[in-house]
Amino acid sequence: MASKLVIVESPAKAKTINKYLGSDFEVMASYGHVRDLVAKEGAVDTAHDFEMHYAVVERNAKHVDAIAKATRKADAVYLATDPDREGEAISWHLHELLRERNVLDDKPVHRVVFYEITKSAIQEAIEHPRGLSSDLVNAQQARRALDYLVGFNLSPLLWRKITSGLSAGRVQSPALRMIVEREQEIEAFVPQEYWSVEADLTRENQPFVGRLQQLEGAKVEQFTITNGDTAESATRRILTAAGASADTPLGEPLSEQGQGELSVTRVEKKQRRRNPSAPFITSTLQQEASRKLRFSAQQTMRIAQQLYEGVDVGNGTVGLITYMRTDSVNLSQESIQGLRAVIAERFGNEKLPDQPHQYRTRAKNAQEAHEGIRPTDPSRRPEQIKSYLSEDQFRLYDLVWKRTVACQMIHATIDTVSVDLAAGEVALFRASGSTVRDPGFMAVYQEGQDDSTADANDKLLPPLAEGDRVPLLALRPEQHFTEPPPRYSEASLVRALEEYGIGRPSTYAAIISTLQARNYAELDNRRFKPTDTGRVVTKFLTEHFDRYVDYEFTARLEDRLDSVAAGERDWVPLLREFWEPFHERVEEKQQVSRADVMKARELGTDPKSGRPVAARLGRYGPFAQIGTRDDEEKPKFASLRPGQSIETITLDEALALFTLPRDLGTTPDGLPLSVNIGRFGPYVRFGDQFASLKKDDDPYSIDRETALQRVEEKKENIAKRTIQTFDDGALTVMKGRFGPYITDGRKRARVPKDREAESLTRDECQSLIDEAPEPKGRGGSKRKTTSGSSASGKGGRKRSSGS
């Protein structure tokens with residue numbers, strides 16, 4: 001009978017570890033967190049040294065009960081949760097729960113950590129246990145307390161001042177601020193015109209391009225040539241200086257008779273090295289998986305967890321990569337030797353550096369006991385185990401394997417050539433090219449691009465020497481405009497958070513998913529765009545809680561929390577330093593009026609009514625408004641369309657929102673035909689019946705023919721579902737999603753299970769309808785709509801019938 005109990009977090013991990021330990025071990029899973037703060041005010045008692053009140057996580061209560069029962073029978077307990085602060089805290093919570101239930105007695109309790117799920121690593125950890133780290137536990141408790149204090153105090157303020165369901169977070173809010181500020185930069189950006197001039201050249205039938213570097217002895221900068229007239233004048237002077245025909249249309253190839261020449265004045269050949277990148281850490285893995293594999297940060301971490309916990313690769317389940325939450329680029333000497341053996345065998349000894357590469361961790365307070373993310377066995381090549389992995393598992397393992405192998409290979413050697421070519425005394429052009437003399441590590445992996453196209457950008461120049469005369473085929477002035485900074489992608493947002501020191505490796509995926517889940521930001525072409533809700537939340541926080549969304553303040557707080565983990569600082573004074581001024585600010589800002597926070601953006605005047613038009617964020621989303629509450633006539637409201645923003649919508653775009661419902665005439669049988677947007681999206685109305693528009697149908701521009709097509713489709717669908725009708729369709733028996741039913745157009749009644757729908761009589765149907773309950777709208781009562789309006793999509797806002 002098992003006498004030693006090992007507790008891990010996940011059942012997959014438990015299954016893998018169980019086979020490596022003897023019969024006297026039992027391995028159980030906690031299924032993640034076992035305790036969390038009680039979900040009510042006072043869970044962190046600020047008046048009594050931030051005492052924290054915990055409760056068992058309800059979904060895992062049965063697993064805690066099973067662990068307690070097994071502990072009672074065991075001789076020793078091994079807490080083997082993940083090797084980070086969070087894992088340490090889970091082990092501590094387990095220990096506290098077991099102690100409170102009096103099942104530990106005097107049994108030894110050990111803490112063990114597995115940086116990789118392999119037989120040797122597991123046995124080594126079991127043989128060399130340690131105690132729980134109070135420093136790591138306190139650091140995690142401090143983080144949890146801070147997150148609670150910020151969320152539990154700021155979120156209700158956001159509900160009252162903006163709308164319900166919002167939240168603010170210690171790290172989430174500065175991340176949102178980054179996205180919003182980048183969008184504001186883009187909107188404020190004013191493009192600047194500039195021109196470049198390139199020469200199409202050839203030598204020994206090999207074409208190449210030179211770029212203008214000097215004009216009349218002065219260096220050509222980005223804004224040296226800023227308009228077409230200047231570009232044309234410069235081009236004509238260069239053509240003349242090169243002995244070419246100056247009247248050739250700009251950009252057009254020169255005729256053989258009109259071709260000029262450029263003279264080679266300098267040829268510079270250099271050799272440069274490109275060194276391999278360090279092994280992956282959490283943030284770089286997320287960035288590269290986003291760029292190369294198009295994985296989200298959350299997807300990357302989920303798949304990495306699977307590879308870490310173990311996959312059956314034909315000879316049993318084994319962990320394929322080391323622990324994936326790490327900020328260290330260290331590699332063990334054993335793993336380095338394994339990598340060098342693989343490199344020598346597969347690529348040859350000439351691809352091995354004389355000494356192994358050593359990488360230095362840049363992150364402050366990095367946990368150096370961890371390693372970078374690497375294969376547990378580098379001899380396990382991706383292609384050998386591909387058939388045992390899902391496609392996504394294979395792609396991520398392949399990425400990790402290549403990056404790790406490449407980091408211990410020799411540098412790449414690249415030959416570069418730079419050539420200067422003169423057009424008399426007027427202009428100097430430069431042509432550059434490069435070739436890979438020895439790809440070194442690039443034969444396996446290159447950061448930031450698809451390895452199959454790694455050398456696609458290499459350019460070759462023909463052989464050239466000083467004094468050579470090179471035919472000029474064409475001179476091309478090209479207009480350009482500066483571009484705004486790009487929106488953040490997942491990869492660039494993770495990199496920015498890391499550079500600012502905001503958050504830590506284990507939090508990036510959660511930050512990103514929370515911003516999307518709260519509708520603060522959305523992905524547009526894989527780039528983050530803030531929603532109007534996100535903008536208003538950021539505006540409120542930056543105006544009233546500026547310190548707490550300040551990047552430097554957030555980073556300094558992260559450093560202080562790291563110092564708690566390192567045993568350099570006490571966590572209670574740290575919390576007190578944060579809480580007292582924060583609480584004072586929260587109390588002060590209770591007096592801010594919602595009207596000030598939700599101030600509308602004025603767009604102009606409605607030409608029909610002369611009333612003001614504004615855009616604002618309401619409790620149910622962004623909308624446009626004609627008129628004010630002080631007017632004799634009630635204001636009209638219209639929800640903004642997807643993709644529209646209160647910050648950028650124009651007066652004309654806002655007025656167009658009030659053109660619904662649109663009258664499209666009548667159907668062939670004389671019923672009124674119109675389109676509108678309702679609670680469940682855009683629709684076409686024919687008489688007193690409705691048909692939904694398709695995804696690509698625009699209610700603001702759909703024509704009568706398309707609308708009639710949707711009506712016919714609806715009629716055909718009804719006909720297919722109709723079993724029988726009575727009284728010219730006033731009473732109908734229909735096929736439904738959950739079985740046949742009867743309807744009179746207002747009420748519905750289910751067909752009794754003991755009756756065939758086809759055999760029901762009119763009187764039976766009428767009796768069942770009479771007994772059916774009255775229909776109810778949302779909230780348990782009939783939904784009321786005002787004359788000339790219909791309910792719109794978000795939260796039931798009324799859409800005006802038009803101005």
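Heads up, the sequence shown stops at 803 in UniProt numbering, and the numbers go up one at a time, no gaps.
Note that CB positions come from ideal geometry on N, CA and C, so glycine has one too.
Since the model is a prediction, treat every value here as computed from it, not as a measurement.
Quick one: what does DSSP say residue i is sitting in, helix, strand or coil?
i	result
residue 28	strand
residue 506	helix
residue 180	helix
residue 570	coil
residue 398	helix
residue 645	coil
residue 693	coil
residue 279	coil
residue 721	helix
residue 677	strand
residue 699	coil
residue 619	coil
residue 54	strand
residue 343	helix
Check whether the Cβ atoms of residue i and residue j lie closer than 8 Å to each other.
i	j	result
residue 617	residue 727	no
residue 6	residue 27	yes
residue 466	residue 267	yes
residue 742	residue 708	no
residue 504	residue 408	no
residue 21	residue 68	no
residue 502	residue 431	no
residue 177	residue 538	yes
residue 813	residue 275	Examination of residue 813 is not possible in this model, given that the chain is present from 1 through 803 alone.
residue 438	residue 413	yes
residue 388	residue 116	no
residue 436	residue 464	no
residue 651	residue 638	no
residue 163	residue 641	no
residue 54	residue 85	no
Would you mind working out which of the options sits nearest residue i, comparing C-alpha positions?
i	options	result
residue 79	112, 595, 406	112
residue 434	215, 393, 271, 627	271
residue 760	650, 159, 733, 413	733
residue 739	511, 758, 550, 255	758
residue 262	422, 132, 314	422
residue 173	184, 419, 151	151
residue 381	371, 776, 25, 396	396
residue 525	212, 534, 487	487
residue 232	52, 295, 479, 390	479
residue 370	429, 606, 280, 289	280
residue 132	676, 218, 88	88
residue 752	765, 59, 220	765
residue 489	506, 383, 48, 521	521
residue 191	483, 696, 597	483
residue 40	772, 677, 149	149
Could you pull out every residue in the same chain whose Cβ sits closer than 8 Å to the Cβ of residue i, ignoring the five residues on either side in sequence?
i	result
residue 235	197, 250, 475, 477
residue 614	600, 601, 602, 603, 624, 625
So with Cβ pairs under 8 Å, would you call residue i a contact of chain B?
i	result
residue 504	No chain B is present in this structure, which holds just one protein chain.
Starting from the C-beta of residue i, find all residues in its chain whose C-beta is less than 6 Å away, skip the five residues before and the five after it, and write them out in chain order.
i	result
residue 385	313
residue 19	none
residue 778	Note on residue 778: pLDDT 41, under 50, position unreliable in the model; no value is reported.
residue 563	569
residue 104	98
residue 514	172
Starting from the C-beta of residue i, find all residues in its chain whose C-beta is less than 7 Å away, skip the five residues before and the five after it, and write them out in chain order.
i	result
residue 147	169, 170
residue 671	686, 687
residue 551	174, 500, 502
residue 315	none
residue 14	8, 27, 28, 29
residue 180	530, 534, 535, 538
> Are the stretch 293 to 303 and the stretch 433 to 451 touching by the rule of at least three beta carbon pairs closer than 8 Å?
Replying inline: Contact fails: fewer than three Cβ-Cβ distances are below 8 Å.
>> Tell me whether the stretch 489 to 501 and the stretch 135 to 143 touch, counting them as touching only if at least three CB pairs, one residue from each stretch, are closer than 8 Å.
In response: Here the stretch 489 to 501 does not lie against the stretch 135 to 143, with fewer than 3 beta-carbon pairs under 8 Å apart.
>> Quick test of the definition: if touching needs 3 or more C-beta pairs under 8 Å, does the stretch 282 to 295 touch the stretch 390 to 406?
In response: Flag = yes, the stretch 282 to 295 and the stretch 390 to 406 touch.
> Within the chosen definition, does the stretch 680 to 692 reach the stretch 707 to 724 through at least 3 CB pairs nearer than 8 Å?
Replying inline: With the cut-off at 8 Å, the stretch 680 to 692 and the stretch 707 to 724 touch.
>> Can you confirm whether the stretch 325 to 336 touches the stretch 371 to 379 when touching is taken to mean that 3 or more C-beta pairs between the two stretches lie within less than 8 Å?
In response: Yes, they touch.
> Counting Cβ pairs, one atom from each stretch, are 3 or more of them under 8 Å apart for the stretch 69 to 89 and the stretch 100 to 115?
Replying inline: Under the three-pair Cβ rule at 8 Å, the stretch 69 to 89 counts as touching the stretch 100 to 115.
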